[in-house]
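**Student:** Quick one: the structure is below, and I'll ask about it shortly.
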Amino acid sequence: MTTIENTTNDTKEIKNFIEEIIDEHNLAGRFGGKVHTRFPPEPNGYLHIGHAKSICLNFGLAQKYGGVTNLRFDDTNPSTEDEEYVNSIMEDVRWLGFDWEDRLYYASDFFDQLYAYAVQLIEAGKAYVDDQTAEEISANRGTPTVPSTPSPYRNRTVAENLDLFSRMKDGEFEEGEKVLRAKIDLASPNMWLRDPVMYRIKKATHHQTGDKWCIYPMYDWAHGLCDSLEGITHSICTLEFEVHRPLYDWFIDQLGVHHPQQIEFARLNLTYTVMSKRKLLQLVTENIVSDWNDPRMPTISGLRRRGYTPESIRNFATRIGVAKRDNLIDVALLEFSLREHLNKTANRVMAVLNPLKVILTNYPEGQIEELIATNNPEDETAGSRLLPFGKELYIEQDDFMEDAPKKYFRLTPGGIVRLKYAYIIECEEIVKDTEGNIAEVWCKYFPESKSGADTSGLKPKGTIHWVSVAHAIDAEVRLYDRLFTVEEPDGDKDKDFKEFLNPNSLQILRRCKLEPSLRSAEAGDRFQFERLGYFCVDSEDSETDQLVFNRTVSLKDTWAKEKDK
Ligand code: ATP
Ligand code: MG
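Quick note on numbering: the numbering used here labels position 550 of the sequence shown as 552, and the sequence is numbered without any gaps.
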């Protein structure tokens with residue numbers, strides 16, 4: 003898994019291999035031309051960008067073929083699942099722009115039916131109650147070339163199995179005492195067919211069914227049958243389930259019920275990211291990030307809080323397409339999709355993150371001008387706004403240098419620069435504090451150099467952004483960087499992925515100054531801070547009198563450059 007792919011900038015429609023399969027089905031009349039897909043998350047964590055790919059694929063295919071998509075919670079393991087996850091998953095799917103309408107299902111909706119199916123298999127002599135412990139079953143499993151050792155309980159009579167299974171359900175036995183297993187083939191080279199466990203005893207309260215059940219179906223028993231019961235036509239899942247397909251087929255064929263077509267595709271892997279829910283949970287419980295929706299998390303809720311748009315994620319999903327082999331996608335492609343969308347939709351504003359005061363010595367005391375600023379040069383309908391300009395301004399500390407190298411085109415002693423939408427200024431004097439730090443820069447402005455009516459004849463090499471001191475509003479700005487320092491944090495089996503955490507993934511700036519139009523910015527609003535990147539109002543910590551912004555993404559990929567610094 004080492005191919006990094008970020009070459010395609012193309013969102014054009016090309017038929018993928020799943021669509022080709024569907025086309026074949028439609029030609030042959032299988033499923034009567036219907037396409038009915040489902041997105042089947044287990045509610046044991048928050049959804050991540052990999053799930054987003056699966057959601058876009060399942061809902062997208064149905065939309066394309068005039069079909070529908072179910073949302074189904076695969077809730078077969080009450081000990082790791084939670085209602086909090088159920089709710090977050092629904093919120094995330096909706097936010098991505100998809101609608102399951104009235105087709106919300108839980109595997110637990112089908113527990114009675116699954117139980118009845120199990121009884122049917124027992125009656126047919128195709129399932130038995132095994133008293134071996136999990137360790138014994140595992141020890142007797144054999145290897146792909148050595149058959150399993152049969153359980154001493156494998157040949158129980160149908161009557162005995164029916165009795166024991168019913169008593170398992172009634173809670174007569176303790177956890178681990180008994181399981182129900184399918185009776186298939188102990189010599190099969192496919193290990194999943196060697197009498198897999200169908201039910202285990204678990205005395206846990208379930209978030210949907212409460213204490214009704216103390217036996218729970220295994221995922222492999224429940225999953226394919228839920229697809230069948232819901233009338234799914236195309237069960238799309240990730241590659242690791244390819245080897246489970248013969249088992250799902252076996253269950254369905256034994257019962258003679260509706261048979262969906264399972265199709266496997268490669269899961270999404272992203273550079274600088276871990277995607278396993280277990281690892282993401284670890285980041286949360288060990289307080290390495292603030293929560294599941296920490297803006298550094300690859301979760302959908304984290305991306306949302308960071309400022310990602312649903313459109314950018316859907317476009318990313320289209321761009322990466324579906325593959326049949328595992329690959330690794332460059333996270334820069336996700337960021338590209340985001341920039342592309344924000345460039346068209348986010349208004350430009352002025353924000354100074356590390357302020358340095360500039361005093362215009364020849365600007366009349368008390369005079370304020372309202373300058374016209376374009377909201378979005380990429381979108382004529384976005385209009386313009388008035389930007390107050392006065393004698394005292396903030397500029398970025400970075401935009402002034404006392405001893406500048408030749409190629410530095412911003413403000414230097416004796417040099418000139420243009421203030422965006424305003425005037426050209428020239429630095430005349432530097433004021434330092436007692437520690438020798440630059441406290442203020444005194445400049446003169448050229449009244450005849452006003453933007454749009456410049457008759458000065460001056461040709462400054464740089465243009466910088468600024469905010470009027472008298473009108474500035476304060477804000478906190480959080481700069482995020484990648485959470486990991488290597489492309490494949492969990493790529494090395496001998497190392498813990500947490501060894502590769504980036505210690506500088508969050509930098510908080512508390513003295514930022516923003517133009518006054520941002521006073522009315524609301525949680526989730528997105529902007530381009532001129533020259534700095536895209537930022538959004540944090541949805542958790544921002545308040546009207548103390549705005550908090552998250553950096554969504556820089557304007558360009560500065561990652562490589564920053565590393566060189
Ligand atoms: P785990 O973290 O244990 O691997 P999971 O990611 O399989 O869990 P599920 O809730 O079972 O989590 O996933 C729901 C659906 O999302 C499944 O159909 C699964 O195939 C798909 N999915 C999960 N991860 C990815 C991924 N990285 N890329 C594409 N699809 C994914
Ligand atoms: Mg899973």
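Heads up, the beta-carbon is just placed ideally off N, CA and C, and yes, glycines get one too.
1. Runs of 3 residues minimum, wholly inside the segment 224-265: which ones carry the beta strand (DSSP E) assignment?
2. Could you pull out every unbroken alpha helix (DSSP H) segment of at least 4 residues lying fully inside the segment 179-230, listed in chain order?
3. I need the DSSP call for Ala441, collapsed to helix, strand or coil.
4. Assign Ala615 to one of three DSSP states: helix, strand, or coil.
5. Can you round the beta-carbon distance between Pro390 and Ser470 to whole angstroms, since I take them to be within the 8 angstroms contact cut?
6. Can you have a look at Thr135 and say buried or exposed, based on whether 16 or more other CB atoms are within 10 angstroms of its CB?
7. CA-CA distance, Asn295 and Tyr218?
8. Mind checking which residues open and close the beta strand (DSSP E) that includes Tyr482?
9. Could you tell me if Ser81 is buried or exposed, where buried requires 16 or more neighbouring beta carbons within 10 angstroms of its beta carbon?
10. Here's the rule: buried if 16 or more other CB atoms are within 10 angstroms of the residue's CB, otherwise exposed. What is Thr554?
11. My output table needs one value for Asn271: the three-state DSSP class, helix, strand or coil.
12. If you reduce the DSSP assignment to three classes, tell me which class Lys558 lands in.
13. At 4 residues or longer, what runs of the alpha helix (DSSP H) sit wholly inside the segment 36-71?
14. State yes or no: is the C-beta of His246 within less than 7 angstroms of the C-beta of Asp222?
15. Taking the runs of the beta strand (DSSP E) that are 3 residues or longer, which of them lie wholly in the segment 288-374?
16. Indicate whether the contact test is met: 3 or more Cβ pairs, each with one atom in the segment 519-529 and one in the segment 440-451, closer than 8 angstroms.
17. Quick one, which of Leu481, Lys497 and Gly34 has its alpha-carbon nearest Arg308's?
18. For Leu227, verify whether its CB is less than 6 angstroms away from any heavy atom of the ligand ATP.
19. The ligand ATP and Gly52: does the residue's C-beta get closer than 6 angstroms to at least one heavy atom of that ligand?
20. Looking only at its chain, what residues have a beta carbon closer than 8 angstroms to the beta carbon of Ile24, apart from the 5 residues adjacent to it on each side?
21. If you draw a straight line from the alpha carbon of Ala206 to that of Ser150, how long is it in whole angstroms?
22. I need the DSSP call for Pro415, collapsed to helix, strand or coil.
23. Mind listing, in chain order, the continuous alpha helix (DSSP H) runs of no fewer than 4 residues lying wholly within the segment 66-150?
24. For Thr383 and Thr347, I'd like the C-alpha separation in whole angstroms.
25. Per DSSP, which one or two residues make a beta bridge with Thr465?
26. Taking contact to mean at least 3 C-beta pairs separated by less than 8 angstroms, is the segment 238-258 in contact with the segment 115-135?
27. Between the C-alpha atoms of Arg387 and Ile466, what's the straight-line distance to the nearest angstrom?
28. Under a Cβ-count criterion, where at least 16 other Cβ atoms within 10 Å of its own Cβ denotes burial, should Ile16 be classed as buried or exposed?
**Tutor:** Quick look at the numbers:
1. 236-240
2. none
3. strand
4. Any question about residue 615 goes unanswered here, given that the chain covers just 3 to 567.
5. 5 angstroms
6. exposed
7. 31 angstroms
8. Ile475 to Tyr482
9. exposed
10. buried
11. coil
12. coil
13. 51-66
14. yes
15. 349-351 and 357-362
16. no
17. Leu481
18. no
19. yes
20. Val37, Leu63, Tyr67 and His236
21. 31 angstroms
22. strand
23. 85-97, 113-125 and 136-141
24. 10 angstroms
25. Arg420
26. yes
27. 18 angstroms
28. exposed
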